[in-house]
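Below you'll find the structure, written out as structure tokens, and then a few comments.
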Amino acid sequence: MTTTLPAYDEVVARYEPVIGLETHVELGTNTKMFCGCPTDFGGEPNTRVCPVCLGLPGSLPVANKAAIEAIIRIGLALNCSIAEWCRFARKNYFYPDMPKNFQISQYDEPICVDGYLDVEVGGETVRIEIERVHLEEDTGKTLHVGGATGRIHGATESLVDYNRAGIPLVEIVTKPITGTGALAPDVAKAYVAELRDVIRTLGVSDVRMEEGSLRCDVNTSLNLPGQEWGTRTETKNVNSLRSVERAVRSEMLRQASVLDAGGRITQETRHFHEDTGDTTPGRSKETATDYRYFPEPDLVPIAPDPAWVAELKAALPELPRVHRRRLQEQWGLSDLDMQSVLNAGAVELIEATVAAGTTPAAARKWWLGELSRRANESGVELAQIGATPTQVAELQGLVDAGKLNDKMARTVLEGVVDGEGSPTEIMTSRGLEVVSDTGALTAAVDEAIAANPGIADKIRSGKVAAVGALVGAVMKTTRGQADAKTLRELILERLGVQG
Ligand SMILES: [Zn+2]
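With the first letter of the sequence shown counted as 1, position 275 gets the number 275 in the UniProt record's numbering; the numbers rise by one all the way through.
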């Protein structure tokens, strides 16, 4: 059965969306949450395991202090209160991705609560309230083999790798986000982007969505204006910023079409499909009572010393929002200009280019101009374009030194993007350098004057505008490697005319 989806504008005119985000961040600690197993990625399956993370009888977990420090810093950066005393909880479930048949998590006593994160959407600040930030252990990875879809249905065997089981995982849960209307998908995306930047700044995780160290579940519901919130669905494991936005949008459209037809929304988890951009139903959602939570009896409570928490707070780095404000001021940009830098994903690139010795204006020109254009054409992120901030600074240095004119610099940059080497190397290998040897240039000018006596006479008689034709002629013989302004002055000088 296929149904035609309503137009997005109509949906947001009739319904109010409520969204919520649950984000999981794998911490970059050296060892797992409750044992000494290494957390490095890519080991042979089931080689990063021990009796504790395999849940063998008699083994006992011990909490990782570095992970607790990391989550407190995340909580502080998100303006949360830090619990003075809280406990881990045992979440019971029978699924082979946890060999113990339970996961150690936190339930009604999370370590960080009641925070917020301000994000910019379309020039406005939206405050996203954070309900809780808690710590748990990651599960293992299952692989279903033999079926067409990679799902368990139709598979002939299932494999499990416990290397990931027990890696510390931070879960950050927002309060329901209301009142965003048509901007709901953009708000969701902006929140995840800002959260990623905050956590990256703290240095506690590499927060790579494509590698799964930052994973996002998106809750979406629709209600009629003035009515109760609708039933929500949870779209699981959305793996890129763009997908966060698409997942909210497509779920709003799907729910509206169900509601328009008089149907009801089922509370369930749904899977997002990168290829089609829509969601399909997964399992119906478990409720907390299904997990039979109880305080974890094998671990002591967490009671961080308030003095230590205060120390961590005082030592927080400058957070991305404050950092961006400072850069905007330093670079002398208007809000609108800064917004286009942000939209292009160019803040860090420009910052690094300036640090490599270029003016902010020049750095911005290259990253937002030529390089953004190339990135758009080839459908890659600006940071993946193949030119580095150091190379861009080097290129601008060649322009500033008068070795490249603007047109030649663009050609050299194309070469950098195509992986031909550094700007200086490409300039040399392609023979692209402004002819600054005045002897050679004077000879070329004299030659052009001799070859075009009519034009030369015109210029001598005062029609200075005709100089363009001679500039063009010299450019041709020097293959565009002369600087047009210098050339113009030289021609006039040789003809004895005042520019
Ligand atoms: Zn272990």
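Ideal Cβ positions, reconstructed from N, Cα and C, are used throughout, including at glycine.
Please determine whether the Cβ atom of V160 lies at a distance below 6 angstroms from any heavy atom of ligand 1. Because no heavy atom of ligand 1 lies under 6 angstroms away, the Cβ of V160 does not count as near it: no.
Pick out whichever of A63, P301, L241 and V474 has its Cα sitting closest to the Cα of M33. The shortest Cα separation from M33 among A63, P301, L241 and V474 belongs to A63.
Cβ of C86 within 6 angstroms of any heavy atom in ligand 1? No, the beta carbon of C86 sits no closer than 6 angstroms to any heavy atom of ligand 1.
Jot down the residue ranges of each uninterrupted beta strand (DSSP E) in the stretch 459-485, minimum 3 residues, whole runs only, in chain order. The stretch 459-485 contains no whole beta strand (DSSP E) run of 3 or more residues.
For R264, is the classification buried or exposed, using 16 other Cβ atoms within 10 angstroms of its Cβ as the cut-off for buried? Answer is exposed; the Cβ neighbour count stays below 16.
Span separating the alpha-carbon of S372 from that of V417: So the two alpha carbons sit approximately 11 angstroms from each other.
Would the beta-carbon of T201 fall within 7 angstroms of that of P317? Going by beta carbons, T201 and P317 fall inside the 7 angstroms limit.
Considering T428, what are the terminal residues of the alpha helix (DSSP H) in which it resides? Here the alpha helix (DSSP H) through T428 covers P423 to S429.
Buried versus exposed, by CB contacts within 10 Å (16 or more), I152: By the Cβ-count criterion, I152 is exposed, with fewer than 16 other Cβ atoms from all chains shown falling within 10 Å of its own Cβ.
Per-residue DSSP class, three states only, for A89: Under the three-state reduction of DSSP output, A89 falls in the strand class.
Please list the terminal residues of the continuous beta strand (DSSP E) segment that includes N219. N219 -> beta strand (DSSP E) spans L214 to N223.
Beta-carbon proximity check, L27 vs P168, cutoff 7 angstroms: Contact: yes.
What is the DSSP secondary structure of V133, counted as helix, strand or coil? In the structure shown, V133 sits in a strand (DSSP, three-state: E or B).
When the Cα atoms are used, what is the spatial distance from M338 to V160? For M338 and V160, the distance between alpha carbons rounds to 47 angstroms.
If I'm right that S221 touches G230 with Cβ under 8 angstroms, what's the distance once you round it to whole angstroms? Rounded, the Cβ-Cβ distance is 4 angstroms, consistent with contact.
What are the boundary residues of the alpha helix (DSSP H) that S250 is part of? Per DSSP, S250 belongs to the alpha helix (DSSP H) from L241 to D260.
Three-state secondary structure assigned by DSSP to G277: In the three-state DSSP reduction, G277 falls in the coil class, being neither helix nor strand.
Please name the residue, chosen from V204, E194 and V11, that lies closest to I71 on a Cα-to-Cα basis. That would be V204, whose Cα lies nearest to the Cα of I71.
Anyone know if the C-beta pair for L214 and V25 falls short of 7 angstroms? Cβ distance < 7 angstroms, so L214 and V25 count as in contact.
Between the beta-carbon of I128 and the beta-carbon of L117, is there less than 7 angstroms? Contact flag set, yes.
Quick one: is the Cβ of V52 within less than 6 angstroms of any heavy atom of ligand 1? Flag set: Cβ of V52 near ligand 1.
Cutoff 7 angstroms: M98 Cβ touching any chain D Cβ: Note that chain D does not occur in the displayed structure, where there is just one protein chain.
Proximity winner among E329, G55, T180 and R73, relative to P225 (alpha-carbon distances): The option with the nearest alpha carbon to P225 is T180.
Nearest neighbour of P45, chosen from R479, T142 and G123 [CA to CA]: Each of R479, T142 and G123 was checked against the Cα of P45, and the nearest Cα belongs to T142.
Once the 5 residues before and after residue 500 are set aside, which same chain residues still bring their CB inside 8 angstroms of it? This structure cannot speak to residue 500, because the chain is shown only from 1 to 499.
In three-state terms, what does DSSP make of K403? DSSP, reduced to helix, strand and coil, places K403 outside both helices and strands of the structure shown, so it counts as coil.
Could you pull the DSSP bridge partners for I265 from this structure? BP columns for I265 are empty, so no partner.
With a Cβ-Cβ cutoff of 7 angstroms, do C216 and V133 count as a contact? Not in contact: C216 and V133 (Cβ atoms no closer than 7 angstroms).
Under the rule that 16 or more other beta-carbon atoms within 10 Å means buried, what is V126, buried or exposed? The residue is buried, with at least 16 neighbouring Cβ atoms inside 10 Å.
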